[in-house]
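The block underneath contains the structure these notes are about, expressed in structure tokens.
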Amino acid sequence: MSNELNSVDIQEIFTLLPHRYPFLLIDRVLDYKDLDYLHGYKNITVNEPIFTGHFPGKPIFPGVLIVEALAQATGVLGFKSMQAVDTEGTDKDELYLLAGVDKVRFKQPVVPGDQLHLHAKFVKERRGIWKFDCTAKVDGKVVCEAEITCARRVM
């Protein structure tokens, strides 16, 4: 049994997700297993454009962007999983669209200097609809939990 990690660097993330600065919210994937889990992260810096208004003098990374970062992690896991099981490969015009977010809970604020760890656990797929249990952590502590649903679509 191998303990080798399956990482994905930012250059490969660019090939999997359509998002770009300032809305690409995953910096690296540390490990993933097709149709199972993904662990990635986003470095939160004081230079994030959102901090000019959220909040001046007391920057807090918005919860909605934490959820978006988790959704992007599910997109990477979905694309990597489909590349592994689809012998014809993924369509260049294919996207994983956010279809739903349920049971969202925010536990503590995320601030500049934090490394936001993104955990996505594959739950099931049916007719192109993918469900994931997601958790975001900082320093090992849960800062956000959510159930995320994505729809695999060709655009």
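Numbering-wise, our numbering puts 102 at position 52 of the sequence shown, and it's gapless, one number per residue. Built from N, CA and C at the ideal position, the CB exists for glycine as well.
| Check | Outcome |
| --- | --- |
| At which residues does the alpha helix (DSSP H) containing E144 begin and terminate? | Segment 144-156 is the beta strand (DSSP E) holding E144; no alpha helix (DSSP H) there. |
| With distance defined between alpha-carbon atoms, name the residue in K187, K171, K157 nearest to K181. | K171 |
| Helix, strand or coil: which one does DSSP assign to E175? | strand |
| Of the residues R177, T95, E197, A149, which one's Cα is nearest the Cα of I76? | T95 |
| What does DSSP give as the partner residue(s) for A170 in the beta ladder? | L88, C184 |
| Decide yes or no for the touch test of the region 93-108 against the region 52-60: beta carbon pairs closer than 8 Å, at least 3 of them. | no |
| Rounded to the nearest angstrom, what separates G139 and Q133 at their Cα positions? | Reliability of the predicted coordinates at G139 is poor, the pLDDT of 49 falling under 50, and the value obtained from them is presented with this limitation in mind. Their backbone Cα atoms lie some 5 Å apart in a straight line. |
| Using the three-state DSSP reduction, which class does T95 fall into: helix, strand or coil? | coil |
| Compute the beta-carbon to beta-carbon distance between I179 and A149, rounded to the nearest angstrom, for a pair I have assumed lies under 8 Å. | 7 Å |
| If you follow the alpha helix (DSSP H) that E62 is part of, which residue opens it and which one closes it? | 60-66 |
| Would you report the Cα separation of K108 and R176, rounded to the nearest angstrom? | 43 Å |
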